[in-house]
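Heads up: the structure comes next, in structure tokens.
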Amino acid sequence: MNKPEPNARRSPAFEAALVALLFVTAGVGGVAYGARSWMPELASRHGAGIDAMLHYLLVTVGALFLAGHLVLGYFIWRGGGRRQIGLRMASHKTELVLSIALGLGMLLIAEGGVIAIGMPVWTEYFGATPPSDAVTIEVTAQQFAWNVRYPGPDGKFGRTDPRLMDDALNPLGRDRSDPAGADDVITTNEITVPVGRTVRVQLRSKDVIHSFFLPNFRVKQDAVPGMTPEVVFVPTREGEFELACAQLCGLAHYRMRGFFNVVSPPQFDEWLRKQAATAN
Amino acid sequence: MTTPASQVVETPPHDAAEPHLGFVRRYIFSTDHKIIGIQYMLTGLVMAIAGALLATLIRLQLGWPTHQWQWLALLLPKGMPGGVMTPEFYLAVVTMHGTIMVFFFISYVLVSGFGNFLVPLQIGARDMAFPFLNMLSYWIALLSALVMLASFFVEGGAAAAGWTAYPPLSAVWSAVPGSQLGQTVWLLSMALFIVSFTMSSLNFVATVFSLRAPGMSMWRMSLTVWSYFISSILGLLAFPALTAAAVMLLLDRHLGTSFFLPSGLVVANRLLPNQGGSPLLWQHLFWFLGHPEVYVLILPALGVACDILPTFTRKPIFGYRIQVWCLIAVGVLSMIVWGHHMFVSGMSPFSGEYFSLVTLTITVPMTIFGVNMLASLSGGRLLLRTPMLFALGVIALFGSGGFGGLFLGNATANMQLHDTYFVVGHFHLMIGGVTMLGTFGAIYFWFPKMFGRMMSERLGKVHFWFTFVPFFTLFFMQHFLGLQGMLRRYYAFTSYDFLKRTQGQNVVISLLAMVLVAGQLVFLANFVWSLLKGRVAAANPWQATTLEWTVASPPPHGNFGAALPDVHRWSYEYGVDDVEGDFAAQSVPPERVPVTA
Amino acid sequence: MDNVIAFDTARVGRADDEIDRHEDVVRLGLWIFLATVTMLFAAFTSAYIVRRSGTDWRPIALPSVLWLNTLVLAASSLALEVARWSGTGSRWRAASVAFAAAIALGFAFLGGQVLAWRQLMAVGLYAPASPHSSFFYMLTAVHGLHVIAALAVLAWGAVRTWTGAGRRDLRQWTGLVGICRTFWHFLGGVWIYLFVLLSIY
Numbered sequence: 000m001n002k003p004e005p006n007a008r009r010s011p012a013f014e015a016a017l018v019a020l021l022f023v024t025a026g027v028g029g030v031a032y033g034a035r036s037w038m039p040e041l042a043s044r045h046g047a048g049i050d051a052m053l054h055y056l057l058v059t060v061g062a063l064f065l066a067g068h069l070v071l072g073y074f075i076w077r078g079g080g081r082r083q084i085g086l087r088m089a090s091h092k093t094e095l096v097l098s099i100a101l102g103l104g105m106l107l108i109a110e111g112g113v114i115a116i117g118m119p120v121w122t123e124y125f126g127a128t129p130p131s132d133a134v135t136i137e138v139t140a141q142q143f144a145w146n147v148r149y150p151g152p153d154g155k156f157g158r159t160d161p162r163l164m165d166d167a168l169n170p171l172g173r174d175r176s177d178p179a180g181a182d183d184v185i186t187t188n189e190i191t192v193p194v195g196r197t198v199r200v201q202l203r204s205k206d207v208i209h210s211f212f213l214p215n216f217r218v219k220q221d222a223v224p225g226m227t228p229e230v231v232f233v234p235t236r237e238g239e240f241e242l243a244c245a246q247l248c249g250l251a252h253y254r255m256r257g258f259f260n261v262v263s264p265p266q267f268d269e270w271l272r273k274q275a276a277t278a279n
Numbered sequence: 000m001t002t003p004a005s006q007v008v009e010t011p012p013h014d015a016a017e018p019h020l021g022f023v024r025r026y027i028f029s030t031d032h033k034i035i036g037i038q039y040m041l042t043g044l045v046m047a048i049a050g051a052l053l054a055t056l057i058r059l060q061l062g063w064p065t066h067q068w069q070w071l072a073l074l075l076p077k078g079m080p081g082g083v084m085t086p087e088f089y090l091a092v093v094t095m096h097g098t099i100m101v102f103f104f105i106s107y108v109l110v111s112g113f114g115n116f117l118v119p120l121q122i123g124a125r126d127m128a129f130p131f132l133n134m135l136s137y138w139i140a141l142l143s144a145l146v147m148l149a150s151f152f153v154e155g156g157a158a159a160a161g162w163t164a165y166p167p168l169s170a171v172w173s174a175v176p177g178s179q180l181g182q183t184v185w186l187l188s189m190a191l192f193i194v195s196f197t198m199s200s201l202n203f204v205a206t207v208f209s210l211r212a213p214g215m216s217m218w219r220m221s222l223t224v225w226s227y228f229i230s231s232i233l234g235l236l237a238f239p240a241l242t243a244a245a246v247m248l249l250l251d252r253h254l255g256t257s258f259f260l261p262s263g264l265v266v267a268n269r270l271l272p273n274q275g276g277s278p279l280l281w282q283h284l285f286w287f288l289g290h291p292e293v294y295v296l297i298l299p300a301l302g303v304a305c306d307i308l309p310t311f312t313r314k315p316i317f318g319y320r321i322q323v324w325c326l327i328a329v330g331v332l333s334m335i336v337w338g339h340h341m342f343v344s345g346m347s348p349f350s351g352e353y354f355s356l357v358t359l360t361i362t363v364p365m366t367i368f369g370v371n372m373l374a375s376l377s378g379g380r381l382l383l384r385t386p387m388l389f390a391l392g393v394i395a396l397f398g399s400g401g402f403g404g405l406f407l408g409n410a411t412a413n414m415q416l417h418d419t420y421f422v423v424g425h426f427h428l429m430i431g432g433v434t435m436l437g438t439f440g441a442i443y444f445w446f447p448k449m450f451g452r453m454m455s456e457r458l459g460k461v462h463f464w465f466t467f468v469p470f471f472t473l474f475f476m477q478h479f480l481g482l483q484g485m486l487r488r489y490y491a492f493t494s495y496d497f498l499k500r501t502q503g504q505n506v507v508i509s510l511l512a513m514v515l516v517a518g519q520l521v522f523l524a525n526f527v528w529s530l531l532k533g534r535v536a537a538a539n540p541w542q543a544t545t546l547e548w549t550v551a552s553p554p555p556h557g558n559f560g561a562a563l564p565d566v567h568r569w570s571y572e573y574g575v576d577d578v579e580g581d582f583a584a585q586s587v588p589p590e591r592v593p594v595t596a
Numbered sequence: 000m001d002n003v004i005a006f007d008t009a010r011v012g013r014a015d016d017e018i019d020r021h022e023d024v025v026r027l028g029l030w031i032f033l034a035t036v037t038m039l040f041a042a043f044t045s046a047y048i049v050r051r052s053g054t055d056w057r058p059i060a061l062p063s064v065l066w067l068n069t070l071v072l073a074a075s076s077l078a079l080e081v082a083r084w085s086g087t088g089s090r091w092r093a094a095s096v097a098f099a100a101a102i103a104l105g106f107a108f109l110g111g112q113v114l115a116w117r118q119l120m121a122v123g124l125y126a127p128a129s130p131h132s133s134f135f136y137m138l139t140a141v142h143g144l145h146v147i148a149a150l151a152v153l154a155w156g157a158v159r160t161w162t163g164a165g166r167r168d169l170r171q172w173t174g175l176v177g178i179c180r181t182f183w184h185f186l187g188g189v190w191i192y193l194f195v196l197l198s199i200y
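Residue numbers (numbering that gives the first Met the number 0), protein chains in the order written: chain A, 0 to 279; chain B, 0 to 596; chain C, 0 to 200.
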């Protein structure tokens with residue numbers, strides 16, 4: 000390959016520098032872009048752990064990403080100017096040592112993060128028994144609404160039956176003959192909870208798979224028909240937040256929006272009373 | 000830069016030896032692996048155009064959700080009445096874009112196309128082990144693609160439940176318009192695809208096992224061949240799970256069984272009679288295929304890049320045997336990590352922990368693989384020809400997208416990122432970008448061997464810049480949209496306050512996508528122009544070492560002459576002293592150039 | 000597979016050792032295929048196990064004709080063995096008859112499976128009746144499709160035995176009948192496995 004190529008008009012070194020610059024820009028630009036704060040404002044207790052996990056990954060991975068692109072750029076810039084190859088082959092020992100060292104380093108970063116930061120959050124989120132004063136809410140998803148039910152003062156949900164379901168009159172299929180259901184409080188697309196108290200959301204779905212996503216609370220759980228997964232978390236900030244569907248559920252998936260209001264405990268009791276009164 | 004005659008194995012003019020083969024048997028119903036490979040490639044490229052047009056529609060909708068595209072209303076009166084896309088059409092477009100790009104573009108061009116063309120040539124065989132089966136697999140593949148495209152025109156439109164087709168959405172006819180006939184057609188097309196892909200993978204494995212030329216031990220095979228070998232085994236073991244799932248979904252849809260449909264479903268205000276099925280069962284079966292499938296696609300791209308790199312650094316690949324072991328390790332691990340797609344599905348949290356820990360062990364072989372590719376550059380004399388640019392792009396995208404896997408494989412981080420654009424960005428960089436750049440690299444590299452002409456370098460370089468820059472930027476940005484909570488498969492981001500601020504970024508991404516698609520026109524022009532007018536290629540224009548470069552461009556029917564080549568060395572004998580240059584083809588005897596590995 | 004061999008041999012006109020090698024490749028291909036079939040039934044099995052744990056599992060009484068079908072299939076496998084034994088002794092007429100018997104019994108098995116379906120339908124047990132019946136119909140149908148494919152391979156072997164095309168020399172014929180045997184006994188094994196799964200679990 001000593002003869003000049005018909006297409007190679009520019010100097011190879013210049014072109015190599017240009018390509019090297021491309022990849023270095025990708026690395027530096029990527030980190031500069033990604034270093035901004037992106038996540039929605041945090042409003043839950045366990046969410047701090049999830050954010051810590053994400054930040055840990057953003058920092059470590061960001062560093063590796065930058066280093067990788069800088070090395071790539073350097074090799075291109077350096078190699079583009081060579082007339083002869085440098086080292087032909089590294090020894091098998093070098094190859095092995097480099098591979099093992101980097102592989103183990105990556106394993107440490109990846110699994111270390113899971114074990115040291117991720118698992119405790121995961122265990123707390125799924126494993127902790129909710130305290131007795133937790134607010135229990137049943138959320139039944141359907142195309143395309145969130146049916147919300149509070150058990151009322153008796154703490155018990157009334158019976159429901161899919162055979163009684165009617166979108167207009169009885170979306171939850173409540174069995175009116177069950178006394179436990181008499182004081183149930185029902186809302187649509189609106190959940191109100193008190194700040195600082197544990198919230199237990201029992202998820203159901205009537206039709207297809209939906210996903211209960213509260214971006215500010217770092218909560219996401221699929222609502223799968225035939226299953227009743229439970230989500231337990233503690234809101235830490237008062238305000239009006241949004242509930243989104245995160246699993247493709249049909250035509251209006253993109254606007255299956257709910258409101259998630261976190262209020263002070265007295266306001267919450269007041270709200271619940273008012274809801275019960277209007278229902279009766 | 001002509002290859003000396005001594006290095007070209009003398010081949011008799013084979014066409015003369017096959018007088019009974021007419022045009023149809025030679026170029027259409029051909030059993031020649033090279034023709035079949037080219038047929039797969041061209042079919043896949045046509046499907047890629049379809050997939051790219053669908054991507055354009057998606058980005059028009061997401062960038063400007065309320066704009067009325069009057070001229071599009073003329074083209075698509077049903078999907079875009081008044082110039083605004085309907086949600087049902089949008090979901091069909093998203094589903095079909097994913098399906099077409101994964102199964103009908105990358106699988107056809109890179110896996111089946113280049114696999115067919117390269118594997119027999121590189122291992123020194125005259126054809127695949129089962130040439131007739133090979134031809135059959137192509138024609139079934141074509142049928143499958145046509146059936147998939149036809150689904151746009153059935154009642155209710157094309158399937159709209161996403162390429163993952165989760166039931167009940169995909170199982171209940173009234174759940175979404177695409178779940179009428181469109182979903183059935185989708186399943187039938189996938190069934191045909193699986194039949195074809197199984198035949199093709201079976202052929203690869205049998206060919207590599209049994210038709211290697213004398214002296215071509217497994218440890219002398221190129222990484223390209225290794226990657227096709229591993230990916231074919233993965234396909235053979237993983238696809239049956241989707242077959243089983245597809246059969247059950249078809250029965251649920253048409254015979255009223257309840258494999259995936261639980262009791263008490265009320266869809267469109269009507270109680271369904273189904274009892275006791277499990278929607279999660281589909282997800283397990285689907286991802287048991289789905290995860291290995293991404294490696295089926297990406298391993299060949301990595302393998303191809305590993306063969307392009309040494310050619311344009313003029314030195315051997317770094318850590319050849321380690322790379323092979325990494326491919327094997329990734330193949331094995333990919334079969335036991337499918338649950339990382341289901342962290343928030345309601346699967347047991349203990350499974351979540353298991354899948355998280357096992358998934359992240361994949362970082363070990365993949366990191367080593369990536370770093371070895373990078374290390375292959377060190378000390379090299381870089382020749383930045385078009386295939387090399389794309390191979391460098393593969394390294395960059397693999398190194399960028401791969402890191403996203405650390406987020407998504409981590410169950411705790413996944414809780415926030417699941418089903419957001421972080422996922423979309425991640426898999427586009429990996430099975431979209433690495434595979435696409437690998438495919439383009441392969442096309443530029445082997446085009447001379449396929450068609451006997453060189454592609455234009457200048458247009459190739461323009462194509463590289465107009466592909467890498469927009470592709471990397473837009474899908475990198477999507478990761479951060481995901482961190483903001485922006486969800487995938489949304490028809491518009493206008494309904495939520497927390498997503499309103501993403502609109503500006505979405506416009507930028509849409510504009511970049513238009514640049515990306517427009518950049519591909521350069522490629523198409525280059526492809527067609529080079530096919531007709533390109534500089535005539537020598538047998539070995541890149542001075543590469545594997546066996547396909549020792550025969551004429553394009554190789555004759557039967558590939559090698561009267562005798563198969565004798566293989567004396569590994570695939571990466573660069574940086575040596577020979578009269579021909581700084582390399583030795585695998586068939587060069589050790590007396591002429593000493594064997595170094 | 001008929002065409003693969005016929006076409007290839009015609010085109011290349013291989014030497015004897017190349018034919019041997021080709022038989023090896025076909026055998027390898029068959030085993031790879033059987034590996035994917037194994038994965039298919041493994042996937043169905045895992046679905047079965049998941050679905051079996053559901054609350055609505057109501058076992059149905061499997062038709063007793065299945066026992067007979069199992070015997071018929073076993074007899075068919077036996078007939079194929081007789082064919083091989085006869086062929087090895089160059090008793091070509093007996094080999095051809097035994098081959099034909101194996102195929103006939105294979106069709107009888109399929110007929111018996113259809114009869115089992117009809118018996119279930121006669122008592123109102125269609126596929127959706129219970130998960131157990133869904134699996135019964137599905138697994139027998141999927142197995143049946145594989146049996147049909149295998150019968151085509153058997154027919155290829157039988158024709159080549161009958162016409163003499165496949166027995167120019169004994170080694171080649173053994174290879175040919177070996178492919179038939181592997182495929183056929185494998186599917187017999189799959190049926191016994193499915194029968195046990197559907198009856199006991």
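Just so you know, even glycine gets a beta-carbon here, dropped at the ideal spot from N, CA and C.
The contact set of Leu39(C) on chain B, defined by CB atoms closer than 7 Å, consists of Pro239, Thr242, Ala243 in chain order.
For Arg51(C) against Tyr200(C), the beta-carbon gap comes to about 6 Å, under 8 Å, which counts as contact. In the three-state scheme derived from DSSP, where H, G and I count as helix and E and B as strand, Val266(B) is classed as strand.
Under the three-state reduction of DSSP, Lys532(B) is assigned to helix. A Cβ of chain B is located within less than 8 Å of the beta carbon of Ser210(A). Under the DSSP assignment, Val64(C) falls in the alpha helix (DSSP H) whose first and last residues are 64-87. Cβ-Cβ separation between Leu233(B) and Pro291(B): approximately 5 Å, consistent with a contact (criterion under 8 Å). Residue contact with chain B for Asp55(C): present (Cβ-Cβ distance below 8 Å to some residue of chain B). In summary, the residues of the region 470-482 of chain B whose CB is separated from some CB of chain A by less than 7 Å are Phe471, Phe475, Phe479, Leu482, in the order they occur in the chain.
Ranking Ala170(B), Pro130(B), Phe22(B), Ala51(B) by CA distance to the CA of Pro278(B) puts Ala170(B) first. For Val204(B), at least one C-beta of chain C is nearer than 8 Å to its own C-beta. A direct Cα-Cα distance of roughly 14 Å separates Phe108(C) from Leu77(C).
Between Pro39(A) and Gln483(B) a beta carbon distance of about 7 Å is seen, short of the 8 Å cut, so the two are scored as contacting. For Leu124(C), there are no neighbours in chain B by C-beta distance under 9 Å, as the nearest C-beta there is about 12 Å away. Of all residues in the region 77-92 of chain A, those with a C-beta nearer than 9 Å to a C-beta of chain B are Arg77, Gly78, Gly79, Gly80, Arg81, Arg82, Gln83, Ile84, Gly85, Leu86, Arg87, Met88, Ala89, His91, reading in chain order.
In terms of Cβ geometry, Leu480(B) and Thr501(B) form a close pair [threshold 8 Å]. Of the candidates Gln585(B), Gly156(B), Gly276(B), Met247(B), the residue whose Cα lies closest to the Cα of Glu87(B) is Gly156(B). The beta carbon of Gly574(B) falls within 8 Å of a beta carbon belonging to chain A, placing the residue at that interface. Phe426(B) is positioned such that its CB atom lies no closer than 8 Å to that of Phe406(B). Chain order gives the chain C residues near Ala128(B) as Val24, Gly28, where near means a beta carbon separation below 7 Å. Look at Arg219(B): its C-beta is not under 8 Å from any C-beta on chain A. CA-CA distance, His567(B) to Ser221(B), rounds to 13 Å. Contact annotation, Gly111(C) with Val141(C): C-beta distance approximately 17 Å; criterion of less than 8 Å not satisfied. Counting only the Cα atoms, Asp206(A) lies some 7 Å from Pro167(B).
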